[in-house]
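Just below is one structure, and these are the notes that go with it.
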Ligand SMILES: [Zn+2]
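Residue numbers (UniProt numbering): 1 to 158.
Here you go:
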């Protein structure tokens, strides 16, 4: 795996860690991320969950949100997210949805867990069957359930 890393990768990882350290000073959690397209830095982000109690504001999520303001085609190829720590299940899902090409991270679970930041519990929970993950999930079909899908299809396939 290490042989696939370039000098640019190592520079971006160092930057993500610098961002994470600086974020702790501001009152945030110790995570930073850099999103690049090729060798161009599109955006830098940090965990901002401490602002407005937004628990989705992980560094990688913020990087994807911010990149959406810059890139007209965020699903272009050659997008890498550099993260100071191993991405959690939520961020991994977002990166899959965003079709990020590549993820490079610094701290692995072994290091993260030593400081209380392990990602494995969420990954383990996500492996359970839908509805068996600790939240009541109830399907409530309605006669109008398909209305929004029909509206979209009519608007875009006309
Ligand atoms: Zn995350």
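Where a beta carbon is used, it is the ideal one built from N, C-alpha and C, also for glycine.
- Taking 4 residues as the minimum length, the alpha helix (DSSP H) runs contained wholly in the UniProt domain "CMP/dCMP-type deaminase" (7-118) are 7-26, 59-70, 89-97 and 109-114, in order along the chain.
- With respect to residue 117, residue 85 sits close: the two C-beta atoms are nearer than 9 Å.
- Contact annotation: residue 129 and residue 119 have beta-carbon atoms that are not nearer than 9 Å.
- Between residue 60 and residue 95 a beta carbon distance of about 6 Å is seen, short of the 8 Å cut, so the two are scored as contacting.
- Sorting 57, 16, 24 and 20 by C-alpha distance to the C-alpha of residue 36 places 16 at the top.
- Here DSSP, grouped into helix, strand and coil, assigns residue 121 to helix.
- By the Cβ-count criterion, residue 140 is exposed, with fewer than 16 other Cβ atoms from all chains shown falling within 10 Å of its own Cβ.
- Burial state of residue 46 is buried, judged by a 10 Å Cβ sphere holding 16 or more other Cβ atoms.
- With a threshold of 16 other beta carbon atoms within 10 Å, residue 80 meets it and is buried.
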